[in-house]
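K.L.:
When we follow the working numbering, the leftmost residue of the sequence shown carries the number 279, and every step to the right adds one. For reference, the structure I am asking about is given below.
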Amino acid sequence: MHTRANHTGLADLEVFSTKKWADFVEKERSLEWLDQIRFVLSQAEYGMVVFYENLQSDLQHELRRVADFLDVFVTEQRLECTVRHSAGNFNRKKISDNTQFYTSTQMKLISLLMADAVEILRLHNVTNIPEIYATFLIHPPYSKNE
């Protein structure tokens, strides 16, 4: 997925219709991702799950949670400063529709894996699951019988 050496660029859309991309989504990364969640949560005696979506929606709150978990004192002033300076040169362009990169079969697989991930997280008493994840359990776009 070459982005022409631009660390904030996007790959050309043609890349997403290649066999290499299909294999990456369907065989390599998607199953590896779910296995990684299972493994980490089953091995961790003491840990904390931080979701990117929660960082995006309330960075200050999430940073406070991390500091509290690590038992690190952080002033409100420092948290506010961090939030003020959270944007930088490494932000990628926003994509309005991520589904354009996946076939319907790939979307089905991703949806099923997301639902499984939410179940695994809940079994391990993870309570800060972003709402977008929970929707896969309530209204999965696909059912396991399709």
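Beta carbons are placed, not taken as given, at the ideal position from N, Cα and C, and that holds for glycine.
1. On the three-state DSSP scale, how would you describe residue 323?
2. Can you list the alpha helix (DSSP H) stretches of 4 or more residues lying completely in the stretch 302–360, in chain order?
3. Checking 7 Å against the spacing of the C-beta atoms, do residue 407 and residue 399 come in under that value?
4. Mind checking which residues open and close the alpha helix (DSSP H) that includes residue 397?
5. DSSP three-state label for residue 289, please.
6. Would you report the Cα separation of residue 404 and residue 347, rounded to the nearest angstrom?
7. Quick one: Cα of residue 358 to Cα of residue 338, how far?
8. Out of curiosity, what's the CA-to-CA distance linking residue 362 and residue 343?
9. Excluding the 5 residues preceding and the 5 following residue 328 in the sequence, name in chain order all residues of the same chain whose CB lies nearer than 7 Å to its CB.
10. Within 10 angstroms of its Cβ, does residue 392 collect 16 or more other Cβ (buried), or is it exposed?
11. For a test of the three-state rule: what should DSSP assign to residue 365, helix, strand or coil?
P.N.:
If we stick to the structure as given:
1. coil
2. 308–321, 330–335 and 337–348
3. yes
4. 382–401
5. coil
6. 14 Å
7. 7 Å
8. 18 Å
9. 340 and 344
10. buried
11. coil
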